[in-house]
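All remarks here apply to the structure that follows.
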Amino acid sequence: MTIEEAQQTVDNWIKTTGVRYFNELTNMAMLTEEVGEVARIISRQYGEQSFKPSDKDKNLADELADVLFVVICLANQTGINLTEALQKNLEKKTTRDAERHKNNEKLQ
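For what it's worth, the UniProt record's numbering labels the leading residue of the sequence shown as 1, then goes sequentially.
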């Protein structure tokens, strides 16, 4: 699925199953919540925290998909084409960081 197809699929889902988009502020709060769930899994799976019994059934792929879903919702409702935005962002990073990471001794 392309990013454009994902945006269309989410839009269709919202309009048929989700009834309507939550407002942007609600979606921002939801995005923060979903990123927190990703952080919880990462800190337990790759960090030093241990899993609580309630955390053991959490799935990183599913939580990352939740983050992506809300990001797509925010893009759709604010008129952002994520394919174009990502392309422009990568161009910016490529120009800005052309030598930066190569010269970072912490990455050597």
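All residues carry an ideal CB built from backbone N, CA and C; glycine is no exception.
The structure displayed is predicted, hence computed values, not measured ones.
- Under a 10 Å Cβ-count criterion, A75 is classified as buried, with 16 or more other Cβ atoms of the shown protein chains found around its own Cβ.
- Around Q49, the same chain offers S43 as residues with beta carbons nearer than 6 angstroms, after the five sequence neighbours per side are excluded.
- The beta-carbon separation of E34 and V70, rounded to 6 angstroms, stays under the 8 angstroms limit for a contact.
- DSSP places D57 in the coil class of the three-state scheme, outside both helix and strand.
- Between V10 and I72, the CB-CB gap stays under 7 angstroms.
- Of all alpha-carbon atoms in F22, P53, A39, the one lying nearest the alpha-carbon of A61 is that of A39.
- In the DSSP annotation of this structure, the continuous segment of the alpha helix (DSSP H) that includes L25 starts and ends at 24 to 45.
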